[in-house]
Structure formats: structure tokens, C-alpha cells
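The listed protein sequences correspond, in order, to chains A and B. Under the numbering used here, the first residue of the first sequence is numbered 1, with each subsequent residue one higher. Under the numbering used here, the first residue of the second sequence is numbered 209, with each subsequent residue one higher. Heads up, the beta-carbon is just placed ideally off N, CA and C, and yes, glycines get one too.
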Amino acid sequence: MSAASEAVAPAAPSAAPGPPRSEERRRTGVPHAVMGTLIFIVTELMVFAGMVSAFNIVKSRSPAEWWPPPTQPRLPVEATAVNTGVLLLSGVVMFLAARAWSKDPARGVRLLRVAVGLGATFVIVQGTEWYLLIEQGLSMTVSAHSAFFCLIIGCHALHAIGALVALVWVLRRMGRGVATQGQFQAAQAFWYFVVGVWPILYARVYLL
Amino acid sequence: MASTADHADHADHAGDAGHAHHEPGFVKKYLWSTDHKMIAMQYLFTGMVMALIGGYFAYAFRMQMAFPGQHVPGFGFMAPGEYNGLVTSHGTIMIFWVAMPVLLAAFGNFLIPLMIGCDDMVFPRLNRLSYQIFLISAVVLVASFFVHGGPFGGAWTAYPPLSAKAEYNLTPLGATLWLVAVALEFVAFLLGGINFVTTAMNARAPGMRMWDIPIVIWMIVLASIMFMASVGPLVAGAAMLLFDQTLGTAFYDPARGGDPILWQHLFWFFGHPEVYVVLLPALGIVAEVMTVFARKKLFAYKTVLYTAIATGILGFFVWAHHQFIAGIDPRMANVFTVTTVLISVPIGEMCFVYIATLYGGSIRLTTPMLWALAFLAEFLIGGVTGIFLGASGSDIYLHDTYFVLAHFHYTFFPIAIIAVFAGITYWYPKMFGRMLNETLGKIHFWITIVGFNMAFIPLFICGAAGDHRRIYDYSSFPDLAKPYLQNLRILATVGTIVILFGQIFFLINFFRSLRGGPVAGPNPWRANTLEWTVPSPPPHGNFAVMPTVYRGPYEYSVPGREEDFWPQNLPD
Ligand SMILES: [Cu+2]
Numbered sequence: 001m002s003a004a005s006e007a008v009a010p011a012a013p014s015a016a017p018g019p020p021r022s023e024e025r026r027r028t029g030v031p032h033a034v035m036g037t038l039i040f041i042v043t044e045l046m047v048f049a050g051m052v053s054a055f056n057i058v059k060s061r062s063p064a065e066w067w068p069p070p071t072q073p074r075l076p077v078e079a080t081a082v083n084t085g086v087l088l089l090s091g092v093v094m095f096l097a098a099r100a101w102s103k104d105p106a107r108g109v110r111l112l113r114v115a116v117g118l119g120a121t122f123v124i125v126q127g128t129e130w131y132l133l134i135e136q137g138l139s140m141t142v143s144a145h146s147a148f149f150c151l152i153i154g155c156h157a158l159h160a161i162g163a164l165v166a167l168v169w170v171l172r173r174m175g176r177g178v179a180t181q182g183q184f185q186a187a188q189a190f191w192y193f194v195v196g197v198w199p200i201l202y203a204r205v206y207l208l
Numbered sequence: 209m210a211s212t213a214d215h216a217d218h219a220d221h222a223g224d225a226g227h228a229h230h231e232p233g234f235v236k237k238y239l240w241s242t243d244h245k246m247i248a249m250q251y252l253f254t255g256m257v258m259a260l261i262g263g264y265f266a267y268a269f270r271m272q273m274a275f276p277g278q279h280v281p282g283f284g285f286m287a288p289g290e291y292n293g294l295v296t297s298h299g300t301i302m303i304f305w306v307a308m309p310v311l312l313a314a315f316g317n318f319l320i321p322l323m324i325g326c327d328d329m330v331f332p333r334l335n336r337l338s339y340q341i342f343l344i345s346a347v348v349l350v351a352s353f354f355v356h357g358g359p360f361g362g363a364w365t366a367y368p369p370l371s372a373k374a375e376y377n378l379t380p381l382g383a384t385l386w387l388v389a390v391a392l393e394f395v396a397f398l399l400g401g402i403n404f405v406t407t408a409m410n411a412r413a414p415g416m417r418m419w420d421i422p423i424v425i426w427m428i429v430l431a432s433i434m435f436m437a438s439v440g441p442l443v444a445g446a447a448m449l450l451f452d453q454t455l456g457t458a459f460y461d462p463a464r465g466g467d468p469i470l471w472q473h474l475f476w477f478f479g480h481p482e483v484y485v486v487l488l489p490a491l492g493i494v495a496e497v498m499t500v501f502a503r504k505k506l507f508a509y510k511t512v513l514y515t516a517i518a519t520g521i522l523g524f525f526v527w528a529h530h531q532f533i534a535g536i537d538p539r540m541a542n543v544f545t546v547t548t549v550l551i552s553v554p555i556g557e558m559c560f561v562y563i564a565t566l567y568g569g570s571i572r573l574t575t576p577m578l579w580a581l582a583f584l585a586e587f588l589i590g591g592v593t594g595i596f597l598g599a600s601g602s603d604i605y606l607h608d609t610y611f612v613l614a615h616f617h618y619t620f621f622p623i624a625i626i627a628v629f630a631g632i633t634y635w636y637p638k639m640f641g642r643m644l645n646e647t648l649g650k651i652h653f654w655i656t657i658v659g660f661n662m663a664f665i666p667l668f669i670c671g672a673a674g675d676h677r678r679i680y681d682y683s684s685f686p687d688l689a690k691p692y693l694q695n696l697r698i699l700a701t702v703g704t705i706v707i708l709f710g711q712i713f714f715l716i717n718f719f720r721s722l723r724g725g726p727v728a729g730p731n732p733w734r735a736n737t738l739e740w741t742v743p744s745p746p747p748h749g750n751f752a753v754m755p756t757v758y759r760g761p762y763e764y765s766v767p768g769r770e771e772d773f774w775p776q777n778l779p780d
């Protein structure tokens, strides 16, 4: 190829088919905010992957009867299962809200409010459970198990709260009619991350 | 000429619109700016200041190595704890506050918008926040030098239980501040990385296709992605370490059900990719410099790119080669030996690609080119000595000796110093509008290179002889206190001083040329990429007319063209 182009006139090296370059426009595949959020989510996934791997390693080295120690307050497995359902439902409603928003913004906003409400319910129920657990004497220093429980579940709670704040911010902008598609999608993407990562954490920390 | 025209233009505008817009105040211009070029300068100058601190520390502890227990001029007597603090701080500073901010943040911020033809980063305020957090992190780290008990002294890798328990490290506050500083620094680079990748993917000039992006931009983007994919587990690990230090949890405490080796996994899962996080931008800088001063097309552009991606992926599967003696399963060690030796294949290939780029070119030995060539030569030594450490058999002997340290410096010094100087001397005319002095540049180059080899070749020998790297004074170890080893240590110390002495020429050259250098004009090197089509230094917003790209970045010496370069934005 190079020999041929040397022999002939200096052709442009990447003479790919398509419209001439002078007619091309600046391409923005996905909105900046969405792209930035997606990259951030990759990092966040790795943070959780790191914590879960650490959990796995420490668990694999502890005697089974000490994971968790019998003296430690029992985790509310059943109540959290129900709460998991609430969070997943919130994710589904969020999806419907996004679909509705482009066609019928008012309906989209209503659905989004429901999704945020469900998300807030999840956080409040989690908070109540934590309050009870702490009252029963659970803390990060009781055992390796309790330390990981507080670390992983607490980290997820912080993310849920952060995502809810972002969603409320988007809702308020929607109310004023200034929310952009990109902002909504970015906040949504982060919420899907919060919803999507939870069942894995629940299964790992509460169940297995 | 273009720069005077630009000045006239500015004067006109100032006459029309008054001073409010064109003359922002000092704070707004230098500290609160969202201009990517100003943020790049902030990172660059912060990195340079930190490099001087790190260099001073190196001088101090090398003097202790050469003349144990004696008064160090400019420092004083050094206690063992102080020695540990200096070594730790030197490593931490040079990696997290010099190599990363300069290679990734300074060059990334300066080059990405200019080379892809847009006016700024897509998230300029996030960018400003990134630098501000970075500055706070640097302040926190420097503050830790002055707190009660002194800075953290448990090595830049901060292995627990030494790093986790105050009764072992004796620097409770220093250790916590160290961790907080590193965590803040990660946040800063996370924000920066999001910006870099989004900008490079979303804001390219019309006509700039995937294969028209300059290699250095690809490398910075890949490095940012690697950083963001690898830092997560370390953030988790750092949070756990912080809780161990402050709340008394037992994540890393084996006595209470924790696992100290866990930290090593989380740390090195980040720590090894980190090598490529800084190596890739360095390779990119060298590629730009070499093509311009060999007046030749980059050999196998796509191969370079695929190789970099392969390196990036493989880089995630080698981390345990740092832990061969930490009690990991020998079968695991075999796996990591294989992956480690494998990763030298793409890097070796990269060296051949660069040599092929040079082959047959009309090479001009300017200062940036000398640095680029030196990068290749010195990094090769670092790469080859790495094989001995990647193979678990020989690593068991060489682990924690000065051989490791010398190998490490033969990789990081070319990356963080040599390639950075290639980049600074190459883009200086664009950054400041003036040319550097070539004579001073070459004096600086030769002194640095001679000093560098003088400092670290002896340490290979010391390491092979068994010098353990965490010893403050060898005089009580008869096997290591032999005169020939001590002479090598003195030689290495002299080399360190020579390196530091050489930097005086750089600083003189850098600051004198800011005002006194010859005016550079927009394109002094006759280069193709877009940053050379705008005035030097580029005005706010970079491009008067937004460019359209018509070809790849490396069309040098194209047959049939009158000129030996072909700017990317020139219509066919
Ligand atoms: Cu490594």
C-alpha cells in the first residue's frame, strides 16, 4: 500500500469512504454528563469489587462458626429481603419514568417522584435497621464480619443517598423546565448502578 | 509574527470592551481559572516544587547511606526514624505528587484540548476542582512532615500492620495524614480522568477520526482509564486502613480475624497498573518528539495503539509479582511469573516500533530529541532488569534488595524525569511562547543522564551483593559493611548529587527563557499536530477558527510535497 502511494501522487493516507471531512461535524455520541457518570460508575464498581473481594478473602480464612461470631447481633435478613424488593421496584419505576419523560414530561416527573420515594423508603428502612443493630451492640470493632458489614453496606447507603440527592436536584430542575436529557440520564445511570449493585451485596453479606 | 498580530488583536478588543474581561485579577487568572492551560501550569509548577522537595529528601538519605551517622550538610544528623520518614516521603512524593500530576494532569490538561482541536475541557469547573483538591492533598502531605512524631515512615507501599498500628510505626498522626493525602489525591485524579476521557472521546475537531488522534492523547486516555479501573480496590483498602488506624477495626489485624496480606493485594492491584498509568503518557510524549525530530511517520500507529491496550489489560494480571515472598501459593507465583514475563513482550515491541520510527529518518539531535532517545535507552535497562524480578525464582533472592530499587528507578526515572523533560523542552515554546536555550538544555541533559547512571548502576551491584533496602546504617552488618560496597554507596550518593546539581541548569534555563528566550512563533518545530497551528502561548479559547482535521498527525516527509510536514488542519 505504501509503495503504491509513493509511486502515485501523495494521496491522503486515510482515504476512507464517506462524506468529505470538510463537511463533518463535531461528534458527541453520548452527552458529556452521561459519559462522565459512566466512567465514574466503572471506578465505583471497582471500589465495590475491591470490598467484596476483601470480604471473600477474610471470610475464607475464618472458621465458619466465627462468621459471624455467635455473640454478634443477627442481621435482619428477611426484612432486608423485602427492602431489596422495594429498591428493585424503584429501579423499574425509574426506567418507566425515563421512557415516559420524552413523550409526556408530566407523567415522567410523576413516575420519577415515585421512584425517588421508593428509593428513600429503602434508605430509611436501612437506617432503621442500622439503628436497631447499633442499639443491640453491633459496631465496626466487634468482629471482622461486623467491620465488613458496616463498610460495605454503609458505603452502599452513602451512594444511595448521593444518588437520591442528584435525582431530587434533577426533579427540581424538571419542575422549572430546565433539566436536560443528559442530566436526567446521568442521574438515572447512577441510580441504576445503586440498584444494580445492591442484590450482589445483599446476597454476599447477608445470605452467603 | 503571529504572536504580534495576536497582541494587536487583543489591544483592539481591550479598547472596545474595557479591561474587565481581558485582564482578570491575579486570583481569577492564576488560582481560580477554569482554562485548561492554566490548570496544566498549576499542576506543572506544583509538581516541580514537589520534585524539589523529593529530591532534597533523596539527597539527605543518600548522604546518610554514604556517610552513616555523620552530619549531613543542609540537613543535620539523621535519626533512624527520620531516615524512614524521608525514604517514605521521597517515594510518595515522586510517584503521587510528581509523576502523576506532571505526566497525566499537566500534559493531559495542556495537550488534550489543543491537540484534538477544542477550546477547553468539557467539564472546566470539575477540572478546577480537581486541581484544588490536588493542592489540598499536597498541603496535607507537607503538613505531615511537621506534626508530632514526624511523617509516616512505613514505605510508600504502607503495608500493615506497620501502617495500621501506632505502636509499630510511632507516627500515628503522620500515618493518618499520609493516607488522607493519598486519598484526596486519588479524588483529584478521578475528576481529572473523567474529564480527560470524556473530552477526548466527545469533543474532537470535525474530521478527527479515531486514527487521527495523536498517540500521546490516546496514551493519556488509556492511562486515565487504567487509573480509574485500578484505583477502586485501593480506595476500598485505604478506607479499611483508615478505619484500622482511627476506629480500631481489625481489617488487617491477624490477631483479631483480619488479614495483613489483603492490603498487599489491594495495593498492588492498583500499584502495578500505576506503572503503566505513568508509562503510557511518557511513551506518548516520546512518540510525538521522535516523529517530529526524525521527520518521519510514526511506525505502525495502530500497532502502537493495540500494544498499549494489550499492555493495559495485561497490566491488571501481574500484581502479585510484588508478593512472591509474602507467603503466596507457589502455583500462584508461577501464574504471575508467566503474566509478568508476558507483559514485557508488548513493551519490548513498543521499543522496536520506536527504533523503526527512527530508522531512515533525518534525525535532529535537539534537546527534546536527546531526552526522547535517552528515555528509550534507559527504560530498556529498567525493563530488562525487571525480568529478574518478575521471575519468582530469582525474585526470592533479590526481593527487598537495592536491585529492586535500582530496577524501579531505571523505569520511573526515565518515565517521570527523562520523558517529562522531553515533553517540557518540546512543548515549552507552545506553553510560554519562547524558545529554551539549547546549550543550557544539553548541559542539563548530559549532567542528568551521567548522574542518573552513576547513582543507580552501583545500586544494582549492591543489591546483587545482598544490600537490603530498609537498613539505616550498614556498619553493624559485617557482610554488608565491606569497603567495596561502601564505596559503591558513596558513588551512588555522588550520582544523586550530580543529578540534583544538573537541575540548576534546567531551572536557570526555564526561568530565564520565560522572558529572555527567542520568540518561538506558532510552529518552531515544524510539527503537524493542531496545537502548533495556534499562537504561542495559545490564547483563551485556543483556536480563533475551530479547526477541521484532514489527516493523521504524523505525515512527515511525504513524497511529492514541497515541505516535509503536513499540518493536520490543512485542506488537501
Ligand atoms: Cu509490578
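Would you call the CB atoms of residue i and residue j closer than 8 Å?
i, j, result
"G119 (chain A)", "L88 (chain A)", "no"
"T701 (chain B)", "M271 (chain B)", "yes"
"T254 (chain B)", "P309 (chain B)", "yes"
"M643 (chain B)", "A580 (chain B)", "no"
"G194 (chain B)", "G659 (chain B)", "Residue 194 (chain B) lies beyond the stretch modelled for chain B, which goes from 209 to 780, so this question has no answer here."
"G182 (chain A)", "A33 (chain A)", "yes"
"F668 (chain B)", "T619 (chain B)", "no"
"V753 (chain B)", "A413 (chain B)", "no"
"V330 (chain B)", "A411 (chain B)", "yes"
"P755 (chain B)", "T741 (chain B)", "yes"
"M35 (chain A)", "M409 (chain B)", "yes"
"F394 (chain B)", "V347 (chain B)", "no"
"T737 (chain B)", "M323 (chain B)", "yes"
"Y367 (chain B)", "W471 (chain B)", "yes"
"A166 (chain A)", "A187 (chain A)", "yes"
"G325 (chain B)", "R21 (chain A)", "no"
Can you give the Cα-Cα distance for residue i and residue j, rounded to whole angstroms?
i, j, result
"G760 (chain B)", "A672 (chain B)", "47 Å"
"S352 (chain B)", "I39 (chain A)", "32 Å"
"A4 (chain A)", "Y509 (chain B)", "Any reading at A4 (chain A) must be qualified, since the residue scores a pLDDT of 37, below 50, and its modelled position is unreliable; the value itself is stated next. Approximately 19 Å between the Cα atoms of the pair."
"L319 (chain B)", "K245 (chain B)", "8 Å"
"H298 (chain B)", "V549 (chain B)", "29 Å"
"L75 (chain A)", "F149 (chain A)", "9 Å"
"F275 (chain B)", "R677 (chain B)", "16 Å"
"G289 (chain B)", "G361 (chain B)", "7 Å"
"W77 (chain A)", "Y206 (chain A)", "Per the sequence shown, residue 77 (chain A) should be read as Val rather than Trp. Spanning the two alpha carbons is a distance of roughly 6 Å."
"S139 (chain A)", "R464 (chain B)", "14 Å"
"P686 (chain B)", "P666 (chain B)", "19 Å"
"L693 (chain B)", "C670 (chain B)", "6 Å"
"L239 (chain B)", "I341 (chain B)", "12 Å"
"T80 (chain A)", "P69 (chain A)", "20 Å"
Using a cut-off of 8 Å between C-beta atoms, extract the partners of residue i located in chain A.
i, result
"F451 (chain B)", "M140, A147, L151"
"G282 (chain B)", "Ordered by position in chain A, no residue passes the 8 Å Cβ test against G282 (chain B), which lies about 42 Å from the chain."
"G520 (chain B)", "Here the premise fails: no neighbours, minimum Cβ distance about 14 Å."
So which residues on chain A does residue i lean against when the C-beta distance must stay under 7 Å?
i, result
"R503 (chain B)", "Within 7 Å Cβ-Cβ: nothing; R503 (chain B) doesn't reach chain A, min ~15 Å."
"A431 (chain B)", "Under the 7 Å cutoff, chain A gives no residues; its nearest Cβ is about 13 Å from A431 (chain B)."
Would you mind telling me which residues of chain A sit closer than 9 Å to residue i, beta carbon to beta carbon, in chain order?
i, result
"D467 (chain B)", "A54, I57, V58, R61, A144"
"F781 (chain B)", "A query on residue 781 (chain B) cannot be resolved here, the shown segment of chain B reaching from 209 to 780 and no further."
"L474 (chain B)", "G50, S53, A54"
"G456 (chain B)", "M140, T141"
Is the number of C-beta pairs between the stretch 572-584 of chain B and the stretch 620-630 of chain B that are closer than 8 Å three or more?
yes
Within 8 Å of chain B by C-beta, residues of the stretch 28-48 of chain A in sequence order
T28, G29, V30, H32, M35, G36, I39, F40, V42, T43, E44, L45, M46, V47, F48
If you measure beta-carbon to beta-carbon, which residues of the stretch 145-170 of chain A are closer than 7 Å to chain B?
A147, L151
If you measure beta-carbon to beta-carbon, which residues of the stretch 110-143 of chain A are closer than 9 Å to chain B?
S139, M140, T141, S143
What are the residues of the stretch 48-60 of chain A that lie near chain B, defined by any Cβ-Cβ distance shorter than 8 Å?
F48, A49, G50, M51, S53, A54, I57, V58
With contact counted as at least three CB pairs below 8 Å, one residue from each stretch, are the stretch 159-178 of chain A and the stretch 129-138 of chain A in contact?
no
May I ask you to list, following chain order, the residues of the stretch 394-425 of chain B that have a beta carbon less than 8 Å from some beta carbon of chain A?
L398, G401, I402, N403, V405, T406, M409, N410, A411, R412, A413, P414, G415, R417, W419, D420
Three or more C-beta pairs closer than 8 Å, one from the stretch 417-427 of chain B and one from the stretch 484-493 of chain B: is that the case here?
yes
Against chain B: residues of the stretch 57-81 of chain A by CB proximity under 8 Å
I57, V58, R61, S62, W66
Could you name the residues whose beta carbon sits closer than 7 Å to any heavy atom belonging to ligand 3, keeping them in chain order?
The ligand content of the structure shown is limited to ligand 1, which means ligand 3 is not among them.
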